[in-house]
Structures are given as C-alpha cells and as structure tokens.
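To keep things clear, I will list the structure first and then write my remarks on it.
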Amino acid sequence: ASYRWCLGNNPGSHDMWNWTEAATSTAASTSPTAVAHGATVYATVEASDGAGHVTQAYSEGMIVDRTPPTMGTVWDGLEDTDIDYQADTQYIAASWMDFHDDETDITQYEVCLGTAAGRCDVEPFHSAQLHLSATFNQPNVTDGTTYYVTVRAGN
Numbered sequence: 018a019s020y021r022w023c024l025g026n027n028p029g030s031h032d033m034w035n036w037t038e039a040a041t042s043t044a045a046s047t048s049p050t051a052v053a054h055g056a057t058v059y060a061t062v063e064a065s066d067g068a069g070h071v072t073q074a075y076s077e078g079m080i081v082d083r084t085p086p087t088m089g090t091v092w093d094g095l096e097d098t099d100i101d102y103q104a105d106t107q108y109i110a111a112s113w114m115d116f117h118d119d120e121t122d123i124t125q126y127e128v129c130l131g132t133a134a135g136r137c138d139v140e141p142f143h144s145a146q147l148h149l150s151a152t153f154n155q156p157n158v159t160d161g162t163t164y165y166v167t168v169r170a171g172n
C-alpha cells in the first residue's frame with residue numbers, strides 16, 4: 018500500500034495543505050503556519066494498493082491552538098486563603114485555580130519553588146499532573162526566607 022495525506026477545513030478537503038505523498042509511511046506531520054488560531058483542521062489519508070484500489074479515512078478534527086493557557090490564581094498553603102507566614106520548615110505548599118484556555122483543555126500543571134517570583138532556584142519545574150495543589154518537602158528551607166511557588170499550565 019502507499020499513502021498520501023492532506024489537511025482541510027472539512028473531511029476530504031485539501032484547502033489548508035495540499036496532498037503530500039507519504040509512500041509507505043503510516044505517520045506524517047507538518048507545521049502549516051497559515052492556519053488560523055482557533056480553526057478546526059481535518060486530516061485526510063488516502064491509501065492505494067497495487068491493483069489501483071483507493072480508499073480515504075478522515076480525522077475527527079483538531080483545533081489549532083497557538084496561545085498558552087490564561088493564568089489563574091496561586092496562593093500559599095493548602096487552605097482556601099493565602100498565607101504569608103508558616104511555622105513548619107519541613108514543607109512549603111501552594112494551591113491554584115482558574116487557569117483556562119478557550120480552545121483546549123488544560124492537560125497538566127507544572128510547579129517549581131524559588132527565592133523570587135518566577136525563579137526556580139530551590140526546586141525545578143516538575144509535573145503536578147492535574148492536581149490543584151502541590152507540596153514541596155524541603156527540610157533545608159531557611160527560616161526567615163520568602164519562598165515563591167510558580168505554576169504553569171499546559172494544554
């Protein structure tokens with residue numbers, strides 16, 4: 018079998034990306050920069066055999082999302098209100114909410130810990146999956162030092 022594929026505004030159309038030969042490969046990719054943010058793109062794959070039989074299959078549609086999620090609110094601690102001080106030096110915790118994206122779902126959160134806003138000099142970014150809080154077990158935190166949790170969402 019040999020394959021070719023294209024992208025379009027509807028299943029079977031090639032108005033976004035013309036037919037491209039894929040030979041016998043069953044995977045292909047491209048980065049069509051002219052496709053508008055928020056557009057729905059359909060992939061069409063056409064397979065043909067040596068006897069000249071041809072069939073097509075279509076994707077369900079993919080939304081082009083060229084923007085990151087909108088930031089939500091992050092607060093210190095695991096309670097519903099922000100804290101400015103804590104006595105326990107064995108951990109630092111943060112919670113967050115209201116991160117969103119107009120085109121696609123949030124697929125993960127990443128968190129880091131630092132000594133300034135946006136800095137990750139104590140603990141680098143790591144996955145918090147889809148949890149809305151994280152705890153950093155830091156037995157070496159320094160009393161009197163202000164720590165910042167940075168949260169970023171991915172889609």
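Throughout, my numbering is defined as the position within the sequence shown, counted from one, plus 17.
For each residue, glycine too, the CB sits at the ideal point set by N, CA and C.
Membership of N35 in the beta strand (DSSP E) is indicated by the continuous run 34–40.
Restricting attention to V62, D118, L149, T121, the CA atom closest to the CA of V128 is found in L149.
In the structure shown, M88 adopts coil according to DSSP, grouped into three states. Comparing alpha-carbon positions, the option among Y59, A18, S48 lying closest to S30 turns out to be Y59. For the pair D32 and L147, the Cα-to-Cα distance works out to about 36 Å. Annotation for D93: D99, I100, A111 place their beta carbon closer than 6 Å to its own, counting only its chain and skipping 5 residues before and after. In this structure, the CA atom of D119 is about 47 Å from the CA atom of A68. Look at the beta carbons and you see the segment 156–170 not touching the segment 76–84: under three pairs across the two are nearer than 8 Å. Between the alpha carbons of I109 and G89 lies a distance of about 20 Å.
W36 counts as exposed, since fewer than 16 other C-beta atoms from the protein chains shown sit within 10 angstroms of its C-beta.
Within the segment 95–133, not a single complete alpha helix (DSSP H) segment reaches 4 residues in length. In the three-state reduction of the DSSP assignment, G25 falls in the strand class. Take the alpha-carbon of R169 and the one of A133: they are about 16 Å apart. Inter-residue distance for A53 and T159 is about 49 Å (C-alpha atoms, whole angstroms). Here N26 is not near A45, since their CB atoms are 9 Å or more apart.
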